[in-house]
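Chemist: Structure incoming, see below.
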Amino acid sequence: KRIGDFVDGLAPAGDSLMGYINLSGEVVIPFKYEQTTPFVGEMARVYNKDYIGFINKNGDEIIPPSKYESYLILSWYFKEGLAPVSYKNKVGFIDTLGNVVIPFQFDAVNHFKDGLAVVQLEDRIGVINKSGKLIVPFAYEDNSESDRGFIDGLLCVKNAATKKWGYLDESGKEVIPCIYDEANCFSMGLASVRYDDNYWRYIDRNGKVAIPFNYRKAFDFKKDGIAVVKSFYYQLIDKNGNIILDRMDHIDAYGEGY
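This note's numbering numbers the first residue of the sequence shown as 1101 and each following residue consecutively.
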């Protein structure tokens, strides 16, 4: 009664218990898990009684679902050879053999990207490398932008002391000072920031104002170099600030040219 997406010829399926079927509808991994997910690479996540495990395409339990806890933030697979898992309400990282590589010490984590991961202790975030070494100290507040991690080598952060926003490079250096009232991640080489005059502008990777117009709202640039902004009306602009489409009362979403 339940079936998921086919990946490499296998799909999660079942009823009260879940397993995997092939393209002919044959059961190739028995129905014995409370929840299963599509394969990513050579591994798939499986769940039993709030525990998470990983199986290969033969159904072998590389990491049995009997030790590591699962909760919402840990919905990822292995990335760069490591996966975040929870144990006794703390989060760490394991390798593909189930060995604990980074001890269970964080309240929340992001997945690794280019060898770095954003981690959280209470209401502060920092950054670690794949050895678990702290690259960025816990001097910044938790925020939704940090969930996106480093983009184009820069991390958007909020200074816990000043409550101002800025950007760090991958060494932890504050390359764009925390001087903004609000800020968003970089996209297509530009980031929207809000000054104390309550208007948004776009800056480049050097912190220089690239699009000087005063917007009441300003969103990420998409891959086609178009962004949604609002002055008196909603508009679409290009990376030079030229108006592509003007005078719209509302834009619900923009992407892929639509």
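Here a beta-carbon is modelled for each residue, glycine too, at the ideal position from N, C-alpha and C.
Quick one: residues in its chain with C-beta nearer than 6 Å to the C-beta of residue 1300, no 5 flanking neighbours on either side, listed in chain order?
Modeler: Result list for residue 1300: 1292, 1294, 1315, 1318, in chain order.
Chemist: From the DSSP secondary-structure annotation, give me the bridge partner or partners of residue 1121.
Modeler: Looking at the DSSP assignment, residue 1121 forms a beta bridge with 1111, 1127.
Chemist: When DSSP builds the beta bridges, which residues end up paired with residue 1283?
Modeler: Paired residue(s): 1293.
Chemist: Using a 10 Å radius around the Cβ and a threshold of 16 neighbouring Cβ atoms, would you call residue 1139 buried or exposed?
Modeler: Result: buried.
Chemist: For the beta strand (DSSP E) that residue 1358 lies in, which residues bound it at each end?
Modeler: Segment: none, residue 1358 is in no beta strand (DSSP E) and carries neither H nor E.
Chemist: Nearest by alpha-carbon distance to residue 1288: which of 1303, 1114, 1325, 1266 is it?
Modeler: The option with the nearest alpha carbon to residue 1288 is 1325.
Chemist: Taking the alpha-carbon positions, what's the residue 1361 to residue 1222 distance?
Modeler: Within the shown structure, residues of the chain are numbered from 1101 to 1358, placing residue 1361 beyond reach of any answer.
Chemist: DSSP on residue 1116, reduced to helix/strand/coil?
Modeler: In this structure, residue 1116 counts as coil in the three-state DSSP scheme.
Chemist: Confirm, please, whether the CB-CB distance from residue 1131 to residue 1145 is below 8 Å.
Modeler: No, the pair does not count as a contact, with Cβ atoms beyond the cut-off.
Chemist: Can you tell me whether DSSP reads residue 1247 as helix, strand or coil?
Modeler: Three-state DSSP puts residue 1247 in a helix.
Chemist: Answer yes or no: do residue 1210 and residue 1249 have a C-beta to C-beta separation smaller than 8 Å?
Modeler: Against a cut-off of 8 Å, the Cβ pair of residue 1249 and residue 1210 comes out as a contact.
Chemist: What residues are listed by DSSP as bridge partners for residue 1190?
Modeler: Answer is 1187, bridged to residue 1190.
Chemist: With a Cβ-Cβ cutoff of 8 Å, do residue 1276 and residue 1264 count as a contact?
Modeler: Contact flag unset, no.
Chemist: Starting from the Cα of residue 1338, find the closest Cα among 1286, 1106, 1321 and give me that residue.
Modeler: With distances taken between Cα atoms, residue 1338 lies closest to 1321.
Chemist: Can you give me the C-alpha to C-alpha distance between residue 1127 and residue 1107, rounded to a whole angstrom?
Modeler: So the alpha carbons of these two residues sit roughly 15 Å apart.
Chemist: Step through the CB atoms of chain B and report whether any lies within less than 8 Å of the CB of residue 1231.
Modeler: Absent from the structure is chain B; it holds one protein chain and no more.
Chemist: What does DSSP give as the partner residues of residue 1382 in its beta bridges?
Modeler: The structure shown does not extend to residue 1382, since the chain is modelled only from 1101 to 1358, so the question has no answer here.
Chemist: Return helix, strand or coil for residue 1134, following the three-state DSSP convention.
Modeler: Here residue 1134 sits in coil by DSSP.
Chemist: Around the Cβ of residue 1332, are there at least 16 other Cβ atoms within 10 angstroms (buried) or fewer (exposed)?
Modeler: When all chains shown are included, residue 1332 counts as exposed.
Chemist: Relative to the alpha-carbon of residue 1190, which residue among 1199, 1196, 1204 has its alpha-carbon at the smallest distance?
Modeler: Out of 1199, 1196, 1204, 1204 has the C-alpha closest to the C-alpha of residue 1190.
Chemist: Quick check on residue 1299: does DSSP put it in helix, strand or coil?
Modeler: Reduced to three states, the DSSP call for residue 1299 is coil.
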